[in-house]
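Report on the structure given below.
Numbering (my numbering), first residue to last: 3 to 621.
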């Protein structure tokens with residue numbers, strides 16, 4: 003049908019419905035019809051059409067109608083009634099019409115115009131969906147009787163919908179036995195695991211999680227179950243994302259967020275005390291373009307700092323984070339500085355010009371394979387760079403400096419870990435030696451989704467179709483989200499102000515370590531793939547310098563609790579600061595003379611627990 007003809011017919015139907023509504027209102031109020039039926043009909047007919055055009059009623063696709071559309075219909079009907087009342091006043095002065103007639107007219111007009119459109123949608127949903135390629139659709143069970151589930155069921159009623167929803171499982175007892183758009187809520191989530199017969203009979207090939215609040219334990223159990231019976235597990239996006247996807251005729255599920263793989267709830271804290279510390283202060287962030295540095299900048303920019311000084315050695319990374327931060331705070335309060343922390347004079351210039359109150363030192367070489375190939379650069383950046391920043395902080399009377407460290411510094415087997423442990427040792431003892439700057443060291447494990455970490459690598463491999471490359475079947479690592487890691491770093495910063503003892507390391511509580519092999523399999527399953535069937539997993543062997551298991555504490559470090567349940571203290575081993583300085587001076591001289599082997603011998607003296615991987619032939 004031609005669009006203009008279709009529009010003409012719809013307008014006339016609305017006009018006729020308005021006439022019926024008006025005559026009905028008149029009859030209900032007075033039990034008679036208007037004395038001037040033709041004039042009355044023309045007034046309500048055209049006032050309705052004009053109002054509906056004004057509100058864009060005829061631009062809406064009514065097979066997708068919703069409560070929002072009903073609200074618009076109600077508004078349009080109200081304006082229509084007002085226009086009609088005004089016209090009646092001009093023609094008859096409303097002498098023969100009780101005022102309540104127009105109120106009844108409004109109610110009837112809304113019911114008739116809105117009801118016909120809802121009926122049209124229900125008719126299409128009922129008649130088109132069941133007869134269109136139902137046997138070719140993917141048979142699905144839903145977890146969660148939620149808005150997301152309702153949106154997916156609604157989309158499955160479309161002629162081109164990819165899914166046939168068989169049933170829903172939900173833990174809310176009040177929902178059991180009820181229906182969502184004709185789909186039964188069968189039972190609790192626990193009953194899914196005894197649904198082998200249901201799955202086999204209905205040829206179900208996928209379970210979709212529609213509950214955004216499902217626990218990580220339940221997700222893990224579902225992963226294991228779907229893997230056992232050979233079907234896939236996927237997850238719906240949030241309702242806002244799902245509605246957007248439907249507008250684009252997409253019904254895709256998504257892999258689970260990487261934060262869902264933590265196995266524990268994320269930590270949250272009250273930022274009031276920290277905001278007092280940050281507010282109206284100049285904050286310098288080194289390595290601001292990295293995963294931790296950029297999140298530090300992001301969170302701090304919400305706490306009303308006086309100035310934020312972003313520094314990084316990478317031009318692109320620096321531009322990227324500066325662009326993001328200047329969208330949140332005034333550009334004149336943000337400085338971007340291309341800085342190599344190994345350049346002592348460049349570091350001095352930054353401190354002299356910016357006078358930072360707080361320094362967050364996140365600049366480091368952190369990739370184990372790179373540091374194994376370039377140990378001199380690891381020492382220059384991670385050790386001597388830290389020394390440059392910390393000494394300059396004291397020189398310019400910076401109040402607080404925070405060093406970001408890693409669990410690889412504990413009993414290190416690679417140059418990255420050894421260099422970070424040397425930086426820890428220096429900062430710990432420097433904190434004891436000076437009274438000007440308060441030094442804080444924060445140690446934690448792997449950050450989910452950080453650049454170069456295992457999860458983005460697995461995600462790329464999954465996108466390519468595999469294989470998933472795992473170094474060792476038994477490898478474990480500590481994980482936390484970048485947001486949580488940075489929040490706990492900032493808690494450590496706040497707690498350092500009133501600390502009674504100096505020279506200790508703040509260690510973030512990381513929960514139980516996760517097996518990398520399990521993590522790879524979980525990511526595959528949550529991408530709708532069955533490990534070993536849809537995607538291959540191969541074991542490549544540990545890389546040079548890589549440990550099977552990481553630790554958060556050295557055996558000689560005293561482990562103490564703090565007021566915060568997610569922050570522990572590693573009490574430092576006593577070392578002579580003069581000896582440390584002498585070793586670092588020797589290392590610096592060796593590196594200036596390009597005597598890498600001598601510099602490494604010095605590193606071994608500074609970090610005696612450093613066990614060099616036999617596969618590394620650097621010595």
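Just so it is clear, CB atoms sit at the ideal spot from N, CA and C, and this is done for glycine as well.
Give a yes or no on whether the minimum CB-CB distance between residue 419 and chain D is below 8 Å.
Absent from the structure is chain D; it holds one protein chain and no more.
| request: Pull up the CB-CB distance for residue 112 and residue 76, whole angstroms please, since I reckon it's below 8 Å. | output: Position 110 of the chain shown holds residue 112. Position 74 of the chain shown holds residue 76. Between residue 76 and residue 112 the Cβ distance is about 5 Å, and since that is below 8 Å, they are a contact.
Handout entry: Those runs of the beta strand (DSSP E) which lie wholly inside the region 446 to 514 and span at least 3 residues
Key = Runs found: 448 to 450, 470 to 472, 481 to 483, 507 to 510.
**Request:** List in chain order: all unbroken beta strand (DSSP E) runs of 3+ residues lying wholly within the region 538 to 581.
**Result:** DSSP runs (the beta strand (DSSP E)) wholly in the region 538 to 581: 539 to 541, 560 to 563, 569 to 573.
For residue 493, does the count of other Cβ atoms within 10 angstroms reach 16, so buried, or fall short, so exposed?
The residue given as residue 493 occupies position 491 in the chain shown. By the 10 Å Cβ count, residue 493 comes out buried.
Whole-number beta carbon distance between residue 604 and residue 613, since they are thought to touch under 8 Å: The sequence position of residue 613 within the chain shown is 611, counting from 1. The sequence position of residue 604 within the chain shown is 602, counting from 1. Not quite, the Cβ-Cβ distance comes to about 16 Å (not below 8 Å), so this is no contact.
| said: Assuming residue 543 and residue 374 are in contact, meaning their beta carbons sit under 8 Å apart, how far apart are those beta carbons, in whole angstroms? | reply: Working through the chain shown from its first residue, we reach residue 543 at position 541. Working through the chain shown from its first residue, we reach residue 374 at position 372. So it is not a contact: roughly 15 Å between Cβ atoms.
| How should residue 251 be labelled, buried or exposed, when 16 other C-beta atoms within 10 angstroms of its C-beta is the threshold for buried? | Within the chain shown, the letter at position 249 stands for residue 251. In this predicted model, residue 251 has a pLDDT of only 43, less than 50, meaning its place in the structure is not dependable; the value taken from the coordinates is given anyway. Within 10 angstroms of the beta-carbon of residue 251 lie fewer than 16 other beta-carbons, which makes it exposed.
* If you draw a straight line from the alpha carbon of residue 516 to that of residue 509, how long is it in whole angstroms? -> Residue numbering aside, residue 516 sits at position 514 when the chain shown is read from its first letter. Residue numbering aside, residue 509 sits at position 507 when the chain shown is read from its first letter. Rounded to the nearest angstrom, the gap between the Cα atoms of residue 516 and residue 509 is 18 Å.
>> Measuring alpha carbon to alpha carbon, tell me which residue in 610, 110, 109, 87 is nearest residue 100.
In response: Taking the first residue of the chain shown as position 1, residue 100 is located at position 98. Residue 87 is the option with its Cα nearest to residue 100.
Quiz prompt | DSSP-derived helix/strand/coil call for residue 601 | solution = The residue labelled residue 601 in the question sits at position 599 within the chain shown. Look at residue 601 here: in three-state DSSP terms it is helix.
Check each candidate in 489, 503, 551, 511 and name the one with the smallest Cα separation from residue 474. Residue mapping note: residue 474 aligns to position 472 of the chain shown, counting from 1. From the listed residues 489, 503, 551, 511, the smallest Cα separation to residue 474 is found for 551.
ask   = So residue 320 packs on residue 340, CB below 8 Å; how close in whole Å?
value = As a first step, residue 320 must be located in the chain shown, where it is residue number 318. As a first step, residue 340 must be located in the chain shown, where it is residue number 338. Rounded, the Cβ-Cβ distance is 6 Å, consistent with contact.
Q. Under a three-way DSSP split, which group does residue 339 fall into?
A. Here the question's residue 339 lines up with position 337 in the chain shown. Residue 339 carries a strand assignment under DSSP once its states are collapsed to helix, strand and coil.
Problem set entry | 8 Å CB neighbourhood of residue 280 in its chain, flanking five on each side removed | Counting from 1 along the chain shown, the entry for residue 280 is found at position 278. Contacts found: 302, 305, 306, 307, 360.
Residues near residue 46 in its chain [Cβ-Cβ closer than 7 Å; skip 5 each side]: To locate residue 46, count along the chain shown from 1; it is residue 44. Within the same chain, residue 46 has close Cβ partners 20, 21, 24, 86.
Identity of the residue in 334, 365, 52 nearest residue 296 by Cα
Translated into the one-based positions of the chain shown, residue 296 becomes position 294. If we check each option's Cα against that of residue 296, 365 comes out closest.
ask   = When the Cα atoms are used, what is the spatial distance from residue 555 to residue 141?
value = Along the chain shown, one-based indexing puts residue 555 at 553. Along the chain shown, one-based indexing puts residue 141 at 139. Roughly 49 Å separates the two Cα atoms.
| query | Grouping DSSP H, G and I as helix and E and B as strand, with all else coil, what is residue 371? | reply | Numbered from 1 along the chain shown, position 369 holds the residue referred to as residue 371. Helix, per DSSP.
### Query
Under a Cβ-count criterion, where at least 16 other Cβ atoms within 10 Å of its own Cβ denotes burial, should residue 132 be classed as buried or exposed?
Locating residue 132 in the chain shown gives position 130, counting from the first residue. Because residue 132 carries a pLDDT of 49, less than 50, the predicted location of this residue cannot be relied on, and the following value inherits that uncertainty. By the neighbour-count rule (16 or more Cβ atoms within 10 Å), residue 132 is not buried but exposed.
Integer Cβ distance of residue 150 from residue 212, believed to fall under 8 Å: Your numbering for residue 150 matches position 148 in the chain shown. Your numbering for residue 212 matches position 210 in the chain shown. The Cβ separation is near 4 Å, so the contact holds.
**Message:** Does the structure place the region 522 to 537 close enough to the region 494 to 506 that three or more beta carbon pairs sit under 8 Å?
**Reply:** Contact between the region 494 to 506 and the region 522 to 537 is not established, with fewer than three Cβ pairs separated by less than 8 Å.
- prompt: Do you know whose CA, among 535, 486, 523, 156, lies nearest residue 569's CA?
  reply: Here residue 569 corresponds to residue number 567 of the chain shown, with the count starting at 1. It is 486.
Boundaries (first-last residue) of the beta strand (DSSP E) holding residue 406
Taking the chain shown and counting its residues from 1, one reaches residue 406 at position 404. Note, residue 406: beta strand (DSSP E), 402 to 408.
Taking Cβ to Cβ, would you say residue 108 is nearer than 8 Å to residue 26?
-> Here the question's residue 108 lines up with position 106 in the chain shown. Here the question's residue 26 lines up with position 24 in the chain shown. No; because the gap between Cβ atoms is not below 8 Å, this pair is not in contact.
*asked:* Beta-carbon within less than 6 Å of residue 10's beta-carbon, same chain only, minus the 5 sequence neighbours each way: which residues are those?
replied: Locating residue 10 in the chain shown gives position 8, counting from the first residue. For residue 10, where only same-chain residues beyond five positions count, there are no Cβ hits under 6 Å.
*Neighbourhood of residue 324 by C-beta distance below 7 Å, restricted to the same chain and skipping five residues each side*: As a working mapping, residue 324 is identified with position 322 in the chain shown. Hits under 7 Å: 312, 336, 338.
Point to revise | Coarse secondary structure for residue 165, derived from DSSP in three states | key: Within the chain shown, residue 165 is the residue found at index 163, counting from 1. Three-state DSSP puts residue 165 in a strand.
Review point. Is residue 437 buried or exposed, if buried means 16 or more other CB atoms sit within 10 Å of its CB?
Key: Counting from one through the chain shown, the residue named residue 437 turns up at place 435. That one is exposed.
### Query
Can you tell me whether residue 195 is buried or exposed, with buried defined as 16 or more other CB within 10 angstroms of its CB?
Here residue 195 refers to the residue found at position 193 of the chain shown. Result: exposed.
**Asked** Taking the continuous beta strand (DSSP E) assigned at residue 313, which residues delimit it?
**Response** Here the question's residue 313 lines up with position 311 in the chain shown. Counting along the chain, the beta strand (DSSP E) containing residue 313 begins and ends at 309 to 314.
Could you tell me the alpha carbon to alpha carbon distance between residue 504 and residue 429, rounded to whole angstroms? The residue you call residue 504 lines up with position 502 of the chain shown. The residue you call residue 429 lines up with position 427 of the chain shown. Straight-line measurement puts the Cα of residue 429 at about 10 Å from the Cα of residue 504.
Starting from residue 19, trace the beta strand (DSSP E) both ways and give me its first and last residue.
Here residue 19 refers to the residue found at position 17 when the chain shown is read from its first residue. Premise fails: residue 19 lies in the alpha helix (DSSP H), 5 to 32, not in any beta strand (DSSP E).
* To do: Measure the C-alpha to C-alpha separation of residue 137 and residue 328 and round it to an integer number of angstroms.
  => The residue given as residue 137 occupies position 135 in the chain shown. The residue given as residue 328 occupies position 326 in the chain shown. Each residue's alpha carbon lies about 53 Å from the other.
Requested in this report: Give the straight-line distance between the Cα atoms of residue 390 and residue 351, rounded to the nearest whole angstrom.
Outcome: For the purposes of this step, residue 390 is taken as the residue at position 388 of the chain shown. For the purposes of this step, residue 351 is taken as the residue at position 349 of the chain shown. Residue 390 and residue 351: Cα-Cα distance of roughly 12 Å.
Do you know whose CA, among 288, 585, 193, 326, lies nearest residue 358's CA?
The sequence position of residue 358 within the chain shown is 356, counting from 1. Taking only the C-alpha atoms, the option nearest residue 358 is 288.
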